[in-house]
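The sequence shown begins at 0 in numbering that gives the first Met the number 0 and counts up by one.
Backbone N, C-alpha and C define an ideal beta-carbon position, used for all residues, glycine too.
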Amino acid sequence: MPDILIKNTKVFVNNYLQPAEVLIEDGKITEIARQIDVQRLNEVIDAKGGLTLPAAIDVHVHFREPGMTEKEDWYTGSCSAAAGGVTTVIEHPNTIPPTIDRKSFKEKLKLANRKSIIDFGIYGGVTGNIEKLPELWELGVTAFGEIFMAESTGALNISEETFDKALSVIANLGAMACIHAEDEKIRLECESFLKNDHSPQSHSRARPNMCEAVAVKKAIELAKKNGAQAHFCHISAFESVGLLRKERYLEQSSGYPVRFTSEVTPHHLFLSTRDWDRLGSFGKMNPPLRDRRNPKMLLNALNDGTINIVATDHAPHTEAEKDVGIKSAPPGVPGVETLLPLMLVAVKRNLLPLGRMIDVTSRGPAGIFGLTRYSKGVFAEGFDADVVVVDPSRTSVIKGDLLHSKAGWTPYEGMDGIFPEYTISRGEVVWDGEILASRGRGRFLPGKGFSRDEED
Ligand code: DOR
0 MPDILIKNTK VFVNNYLQPA EVLIEDGKIT EIARQIDVQR LNEVIDAKGG LTLPAAIDVH
60 VHFREPGMTE KEDWYTGSCS AAAGGVTTVI EHPNTIPPTI DRKSFKEKLK LANRKSIIDF
120 GIYGGVTGNI EKLPELWELG VTAFGEIFMA ESTGALNISE ETFDKALSVI ANLGAMACIH
180 AEDEKIRLEC ESFLKNDHSP QSHSRARPNM CEAVAVKKAI ELAKKNGAQA HFCHISAFES
240 VGLLRKERYL EQSSGYPVRF TSEVTPHHLF LSTRDWDRLG SFGKMNPPLR DRRNPKMLLN
300 ALNDGTINIV ATDHAPHTEA EKDVGIKSAP PGVPGVETLL PLMLVAVKRN LLPLGRMIDV
360 TSRGPAGIFG LTRYSKGVFA EGFDADVVVV DPSRTSVIKG DLLHSKAGWT PYEGMDGIFP
420 EYTISRGEVV WDGEILASRG RGRFLPGKGF SRDEED
């Protein structure tokens with residue numbers, strides 16, 4: 000692997016942006032200094048005054064393989080990630096078959112090992128498979144989830160009783176539960192009430208704020224009862240933020256280690272119910288688009304640390320699948336490639352500081368999901384050279400047909416994004432305007448319960 004010197008760049012170190020050069024050797028960052036003298040001939044990247052930043056870690060993607068490769072597969076999903084400046088993903092279990100036992104885990108791992116161009120973790124699904132959770136943990140799942148408290152893509156939703164049992168097992172393993180919090184009873188009631196309303200907007204009303212907040216409250220109670228560490232996926236409602244803020248206060252004031260963490264998606268930060276007219280059924284996702292008060296409060300919560308990280312819920316479906324009535328369109332929008340571009344524009348518009356943006360896209364996810372021990376998420380000497388080079392003055396218009404997901408469309412069509420000039424994963428340039436990496440170069444990052452390194 001050639002060593003790389005990034006010249007004429009700025010880095011965000013010690014809380015401020017400063018001119019620097021960055022040396023990468025054997026896949027690691029080995030020096031960050033004002034000027035670096037190297038004897039040997041290196042590959043030199045001239046950043047032309049642009050920034051060298053940690054690449055993003057997206058802990059919430061659905062790469063659809065096995066079973067739904069018409070929507071995405073590990074190669075196209077990982078290319079989409081790399082082109083958007085993401086060098087590590089963690090993939091959710093609602094594939095076909097779902098990742099709920101040894102066989103399905105091994106099948107997914109094999110495919111990902113063969114095809115992914117970036118590093119990855121795999122979640123273990125939770126259905127009625129409670130007795131399989133310990134073996135999944137030993138096989139190396141990063142965490143358990145997403146645990147669906149209400150119906151969504153893949154029909155993996157579970158009853159409160161199963162959820163309770165699962166949390167007890169997860170707590171005993173010392174693992175973490177990742178929770179899709181929506182209340183099934185409220186959803187069913189609202190949906191039946193709205194059954195004759197075929198407007199796209201009806202989807203937001205079918206899963207109102209309370210549908211999420213009631214489930215968050217229930218999950219907090221059950222996680223506390225079982226002593227389980229819990230991470231909330233895609234928080235979208237300001238009432239949920241209130242509940243999490245209260246927990247954070249209690250944790251901080253009682254000195255207990257933080258037990259609850261949470262993520263927010265770019266679509267809940269940057270889109271709202273005002274986008275229904277533009278998006279129609281393409282704007283359907285779970286939890287749904289919220290009215291404009293919510294994105295504002297989510298951004299505040301991300302800035303003040305109540306919400307810990309951003310993750311995309313990259314959930315590609317084909318145009319043909321989405322281009323139907325709101326009731327039959329599958330929920331989900333692609334997003335892994337636009338995560339960093341949208342967040343960089345948010346920084347440019349002063350919606351959050353650059354340092355916080357780095358925390359929520361890189362350091363934070365690595366810390367919560369145990370990836371720091373793999374040298375991920377820290378821009379410092381000795382850590383993996385997972386970096387992007389970006390030119391903050393080069394804002395471009397997001398266009399679905401320029402993206403790399405099989406979905407071929409994006410809910411952010413026409414919005415601004417700052418895309419990376421280069422994406423470097425473990426010291427290898429994987430994107431420079433084109434995908435340069437070979438299939439299968441991505442590495443599996445087993446979770447902390449990993450103890451079974453089995454052959455096929
Ligand atoms: O909108 C969604 N789509 N929400 C989910 O929780 C699942 C996802 C998918 O897999 O399509």
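Ends of the beta strand (DSSP E) at A300?
-> Run containing A300: none in the beta strand (DSSP E); it sits in the alpha helix (DSSP H), 292 to 303.
With respect to 8 Å, is the separation between the Cβ of H267 and the closest non-hydrogen atom of the ligand DOR below this value?
-> no
Cα-Cα separation between G439 and V88, rounded to whole angstroms = 14 Å
Between H230 and L166, what straight-line distance do the alpha-carbon atoms span, to the nearest angstrom?
-> 12 Å
How about the segment 429 to 444 and the segment 108 to 122: do they share at least three Cβ pairs that are nearer than 8 Å?
-> Flag = yes, the segment 429 to 444 and the segment 108 to 122 touch.
Hey, H61 and T152: beta-carbon distance below 9 Å or not?
-> yes
Go to N7, then tell me how far its beta strand (DSSP E) extends in each direction, as first and last residue.
-> 3 to 12
Identify which residue in D2, K6, I99, N13 has its Cα closest to the Cα of R355.
-> N13
Whole runs of the alpha helix (DSSP H) within the segment 194 to 269, excluding any shorter than 4 residues = 201 to 205, 208 to 225, 237 to 253, 265 to 269
Nearest-angstrom Cα distance between S103 and D45?
-> 44 Å
Between the C-alpha atoms of F269 and V37, what's the straight-line distance to the nearest angstrom?
-> So the two alpha carbons sit approximately 43 Å from each other.
For the ligand DOR, any of its heavy atoms closer than 8 Å to the Cβ of G304?
-> No, the Cβ of G304 stays beyond 8 Å of every heavy atom of the ligand DOR.
Would you say the beta carbon of H403 comes nearer than 8 Å to a heavy atom of the ligand DOR?
-> no
Just tell me which of P352, T141, L193, G432 has its CA closest to the CA of A176.
-> It is T141.
Contacts around G399, its chain only, beta-carbon distance under 8 Å, and the 5 residues preceding and following it disregarded | A406, G407, W408, T409, E412
If you follow the alpha helix (DSSP H) that D36 is part of, which residue opens it and which one closes it?
-> First-last for D36: undefined, no H or E at that position.
What residues match up with L22 in a beta bridge as DSSP calls it?
-> L4, E30
For E320, the three-state DSSP class (helix, strand or coil) | Three-state DSSP puts E320 in a helix.
D312: beta carbon under 8 Å from a heavy atom of the ligand DOR?
-> Yes, Cβ of D312 sits closer than 8 Å to a heavy atom of the ligand DOR.
Measuring from the CB of P65, is there a heavy atom of the ligand DOR at a distance below 8 Å?
-> No, the ligand DOR has no heavy atom inside 8 Å of this Cβ.
Distance between beta carbons of D163 and K131, contact taken as under 8 Å = The Cβ separation is near 17 Å, so there is no contact.
Note down the Cα distance separating I157 from R33, rounded to an integer number of angstroms.
-> 55 Å
Boundaries (first-last residue) of the alpha helix (DSSP H) holding I116 = Run containing I116: none; DSSP gives neither H nor E here.
Given that a residue counts as buried once 16 or more other Cβ atoms are within 10 Å of its Cβ, and exposed if not, what is E220?
-> exposed
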